[in-house]
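K.L.:
Following our numbering, the numbering of the sequence shown begins with 2 at its first residue and continues without gaps.
Don't be surprised by glycine CBs; every beta carbon is placed ideally from N, CA and C.
What you are looking at is a predicted structure, and each value in this text was computed from that prediction instead of being measured.
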Amino acid sequence: MEIDAIATAHAKRLSVADALLPTPPNWDAAAGTELSVRDGVALATRSRVDAGSPEALWRPLTEYRLNVRLGGADPGAAFGALLTEWDQLLEESEASDWDSAAVVTRPSRDTVGTSELLRRGFAPTRVLAVRPADRLAGGPPEVPGVRIRHAEPSELNTLVRLQLELRNYDEQFGVLTRRTDEERALTSATRELLADADSALPSLWIAELYGKPLGFVQVEVPPAAGWADSYVAAGSAGYLASMHVAEEARSSGVGSALAAHAHQLFDEAGMQAVLLHHTLANPRSTPFWYAQGYRPLWTSWYRRPAVQG
Numbered sequence: 002m003e004i005d006a007i008a009t010a011h012a013k014r015l016s017v018a019d020a021l022l023p024t025p026p027n028w029d030a031a032a033g034t035e036l037s038v039r040d041g042v043a044l045a046t047r048s049r050v051d052a053g054s055p056e057a058l059w060r061p062l063t064e065y066r067l068n069v070r071l072g073g074a075d076p077g078a079a080f081g082a083l084l085t086e087w088d089q090l091l092e093e094s095e096a097s098d099w100d101s102a103a104v105v106t107r108p109s110r111d112t113v114g115t116s117e118l119l120r121r122g123f124a125p126t127r128v129l130a131v132r133p134a135d136r137l138a139g140g141p142p143e144v145p146g147v148r149i150r151h152a153e154p155s156e157l158n159t160l161v162r163l164q165l166e167l168r169n170y171d172e173q174f175g176v177l178t179r180r181t182d183e184e185r186a187l188t189s190a191t192r193e194l195l196a197d198a199d200s201a202l203p204s205l206w207i208a209e210l211y212g213k214p215l216g217f218v219q220v221e222v223p224p225a226a227g228w229a230d231s232y233v234a235a236g237s238a239g240y241l242a243s244m245h246v247a248e249e250a251r252s253s254g255v256g257s258a259l260a261a262h263a264h265q266l267f268d269e270a271g272m273q274a275v276l277l278h279h280t281l282a283n284p285r286s287t288p289f290w291y292a293q294g295y296r297p298l299w300t301s302w303y304r305r306p307a308v309q310g
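(1) At the level of alpha carbons, what is the spacing between Leu90 and Leu202?
(2) How many Å lie between Thr9 and Gly72 at the Cα?
(3) To the nearest angstrom, how far is it from the Cα of Ile149 to the Cα of Tyr211?
(4) Within the stretch 51-111, note down every full beta strand (DSSP E) run reaching 3 residues or more, in order along the chain.
(5) May I ask you to list the residues that DSSP assigns as paired with Trp302?
(6) Taking Val308 and Ala208 to be in contact with their CB atoms under 8 Å, please state how far apart those CB atoms are, rounded to whole angstroms.
(7) Find the nearest neighbour of Ala31 within the set Val42, Arg39, Thr46 and Asp19, judged by alpha-carbon distance.
(8) Please name the residue in Leu15, Gly41 and Leu58 whose C-alpha comes closest to that of Glu183.
(9) What does Ile207 pair with, by DSSP beta-bridge criteria?
(10) Is DSSP giving Glu3 helix, strand or coil here?
(11) Could you give the DSSP three-state label for Gly41: helix, strand or coil?
(12) Going by the beta-carbon positions, is the gap between Pro284 and Asp98 smaller than 7 Å?
(13) Can you give me the start and stop residues for the alpha helix (DSSP H) that Leu187 sits inside?
(14) Output the distance between the C-alpha atoms of Trp302 and Leu167, rounded to the nearest integer angstrom.
(15) Between the Cα of Pro25 and those of Ala250, Pro154 and Tyr232, spot the shortest distance and give me the residue it belongs to.
(16) Going by C-alpha distance, which of Val128, Asp111 and Val105 is nearest Gly122?
(17) Going by the DSSP bridge assignment, what does Val246 pair with across the sheet?
(18) Where does the unbroken alpha helix (DSSP H) through Ala261 begin, and where does it stop?
(19) Exposed or buried, Glu92, counting other C-beta atoms within 10 Å across all chains shown (16 or more means buried)?
(20) Please go through the same chain and pick out, in chain order, the residues whose beta-carbon is closer than 7 Å to the beta-carbon of His11, but skip the five residues on each side of it.
(21) Compute the distance between the beta-carbons of Arg107 and Ala18, then report whether it is under 7 Å.
(22) Assuming Ala292 is part of the alpha helix (DSSP H), what are its boundary residues?
(23) Taking the DSSP output, what are the residues bridged to Val233?
(24) Name, in chain order, the residues that DSSP records as bridge partners for His11.
(25) Can you tell me which of Leu241, Phe217 and Val218 puts its alpha carbon nearest to the alpha carbon of Trp228?
(26) Going by beta carbon distance, what residues of the same chain come within less than 6 Å of Val128, once the five residues before and after it are set aside?
(27) Count the other C-beta atoms from every protein chain shown that fall within 10 angstroms of the C-beta of Gln164, then say buried if there are 16 or more, exposed otherwise.
(28) Mind checking Ser286: buried by the 16 CB within 10 Å criterion, or exposed?
(29) Could you check which residue in Asp40, Leu157 and Arg14 has the C-alpha nearest to that of Ala196?
(30) Could you tell me the distance, in whole angstroms, from the CA atom of Pro288 to the CA atom of Gly294?
(31) Can you tell me the Cα-Cα spacing of Ser94 and Asp29, whole angstroms?
(32) Are the beta-carbon atoms of Phe80 and Glu117 separated by less than 7 Å?
(33) So what does Arg47 bridge to, in DSSP terms?
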């Protein structure tokens, strides 16, 4: 098939699979290496961040990514052929240290070629989940002893502590890597958010349980969440950037109250959809978020290190 025909077939299959998927954008061929097989094309890219950068808190230092377009009568076979070509390219990179990853992000409901990824050592690791608007009936639930309010600059240390607890737990699921200076980086980023007094919608909110701060949620709306427009077919999208409840407050209703409060904020801001990232293997976050009305939209398959063996 010609490249245009492949792109058309790919876009058509995605539109049938999930109405919330946007039209696949054109890619910049100069940004990477183009691969092509019968009925399939792909763009292989590489990105690297410094260990001390804010981005390094949430990803491996070196990421090799593959963006695919699949057409024809057997798109799974085309996907497998593209993965084989990509593996040959990766072997030349010598990316065999743990702080590297090969990443393929696919629409969650487009399951074509799943077995090809599994055979090559990939695992579905990180999900970008979506919650359409208007799922909240009424206001947030009344939970005895729980109060949710704006975070104050004086609570910087509390917010950093909660974020470090979250990182300590999430490390085991394969995306996040602990950094030696992460406390400094988190402190700096959180201080900036707390100082943003001009924002129409505060980013950070604290949950108290009987007067003790035991949870937080971070929310983003446009323009901060403007990047989300390329991932979902919605007029406006918000992003639930992070949420954590201290171990001592689990099963108390704090998490559900925080989530409901965030959704009310998004609804009041006119967001037509809300996105969030979670690790698929997390036995706490995955069932919790889907009980709040989210579902998988994009699934990122990881292989760490990027080249195995």
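P.N.:
The answer reads as follows:
(1) Counting from one through the sequence shown, the residue named residue 90 turns up at place 89. Counting from one through the sequence shown, the residue named residue 202 turns up at place 201. Distance between the alpha carbons of Leu90 and Leu202 is about 45 Å.
(2) Within the sequence shown, numbered from 1, the residue matching residue 9 stands at position 8. Within the sequence shown, numbered from 1, the residue matching residue 72 stands at position 71. If I take the Cα positions, the gap works out to 8 Å.
(3) Stepping through the sequence shown from its first residue, residue 149 is reached at position 148. Stepping through the sequence shown from its first residue, residue 211 is reached at position 210. As the crow flies, the alpha-carbon of Ile149 is around 11 Å from that of Tyr211.
(4) For the stretch 51-111, whole beta strand (DSSP E) runs of length 3 or above, ordered along the chain, are 63-71 and 101-108.
(5) By one-based count along the sequence shown, residue 302 stands at place 301. For Trp302, which the question treats as bridged, DSSP gives the partners Val105 and Pro125.
(6) Reading the sequence shown from its first residue, position 307 is the one you call residue 308. Reading the sequence shown from its first residue, position 207 is the one you call residue 208. Between Val308 and Ala208, the beta carbon gap of about 43 Å keeps them out of contact (Cβ cut-off 8 Å).
(7) By one-based count along the sequence shown, residue 31 stands at place 30. Among Val42, Arg39, Thr46 and Asp19, the Cα nearest to that of Ala31 is on Thr46.
(8) Here the question's residue 183 lines up with position 182 in the sequence shown. Considering only alpha carbons, the answer is Leu58.
(9) On the sequence shown, residue 207 is found 206 positions in, with the first residue counted as 1. DSSP output for Ile207 lists Arg150 and Phe217 as bridge partner(s).
(10) Position 2 of the sequence shown holds residue 3. DSSP places Glu3 in coil when its eight states are reduced to three.
(11) Numbered from 1 along the sequence shown, position 40 holds the residue referred to as residue 41. If DSSP states are grouped into helix, strand and coil, Gly41 belongs with the strands.
(12) Within the sequence shown, the letter at position 283 stands for residue 284. Within the sequence shown, the letter at position 97 stands for residue 98. For Pro284 and Asp98, no; Cβs fall outside 7 Å.
(13) In the sequence shown, residue 187 corresponds to position 186, counting from 1. Taken as a continuous stretch (DSSP letters only), the alpha helix (DSSP H) holding Leu187 covers Glu183 to Ala196.
(14) For the purposes of this step, residue 302 is taken as residue 301 along the sequence shown, with counting starting at 1. For the purposes of this step, residue 167 is taken as residue 166 along the sequence shown, with counting starting at 1. If I take the Cα positions, the gap works out to 22 Å.
(15) Within the sequence shown, residue 25 is the residue found at index 24, counting from 1. Put simply, of Ala250, Pro154 and Tyr232 the residue whose alpha carbon is nearest the alpha carbon of Pro25 is Tyr232.
(16) Working through the sequence shown from its first residue, we reach residue 122 at position 121. If you compare the alpha carbons of Val128, Asp111 and Val105 with that of Gly122, the shortest gap goes to Val105.
(17) Position 245 of the sequence shown, counted from the first residue, corresponds to residue 246. Bridge partners of Val246 according to DSSP: Gly216.
(18) The residue you call residue 261 lines up with position 260 of the sequence shown. Run containing Ala261: Val255 to Glu269, per the alpha helix (DSSP H) assignment.
(19) In the sequence shown, the residue the question calls residue 92 occupies position 91. Per the 10 Å Cβ criterion, exposed.
(20) Reading the sequence shown from its first residue, position 10 is the one you call residue 11. Only Pro25, Arg70, Leu71 and Gly72 meet the Cβ criterion.
(21) As a working mapping, residue 107 is identified with position 106 in the sequence shown. As a working mapping, residue 18 is identified with position 17 in the sequence shown. No, these two residues do not count as a Cβ contact at 7 Å.
(22) For the purposes of this step, residue 292 is identified with residue 291 of the sequence shown, where counting begins at 1. For Ala292, the enclosing alpha helix (DSSP H) begins and ends at Ser286 to Ala292.
(23) Taking the sequence shown and counting its residues from 1, the one referred to as residue 233 is at position 232. Beta-bridge analysis with DSSP links Val233 to no other residue.
(24) Translated into the one-based positions of the sequence shown, residue 11 becomes position 10. In the DSSP assignment, His11 forms no beta bridge with any residue.
(25) Residue numbering aside, residue 228 sits at position 227 when the sequence shown is read from its first letter. Considering only alpha carbons, the answer is Leu241.
(26) Your numbering for residue 128 matches position 127 in the sequence shown. Non-local C-beta neighbours of Val128 in its own chain, meaning closer than 6 Å and more than five positions away in sequence, comprise His279, Leu281, Pro297 and Thr300, ordered along the chain.
(27) Here residue 164 refers to the residue found at position 163 when the sequence shown is read from its first residue. Burial state of Gln164 is buried, judged by a 10 Å Cβ sphere holding 16 or more other Cβ atoms.
(28) Position 285 of the sequence shown holds residue 286. Looking at its Cβ environment, which holds 16 or more other Cβ atoms inside 10 Å, Ser286 is buried.
(29) In the sequence shown, the residue the question calls residue 196 occupies position 195. Looking at the Cα atoms, Leu157 is the closest of the given residues.
(30) Walking along the sequence shown from the start, residue 288 turns up at place 287. Walking along the sequence shown from the start, residue 294 turns up at place 293. Rounded to the nearest angstrom, the two C-alpha atoms are 10 Å apart.
(31) Counting from 1 along the sequence shown, the entry for residue 94 is found at position 93. Counting from 1 along the sequence shown, the entry for residue 29 is found at position 28. Whole-angstrom Cα-Cα distance: 21 Å.
(32) As a first step, residue 80 must be located in the sequence shown, where it is residue number 79. As a first step, residue 117 must be located in the sequence shown, where it is residue number 116. A contact, by the Cβ cut-off of 7 Å.
(33) For this step, residue 47 is matched to residue 46 along the sequence shown. Partner residues in the beta bridge of Arg47, as assigned by DSSP, are Tyr65.
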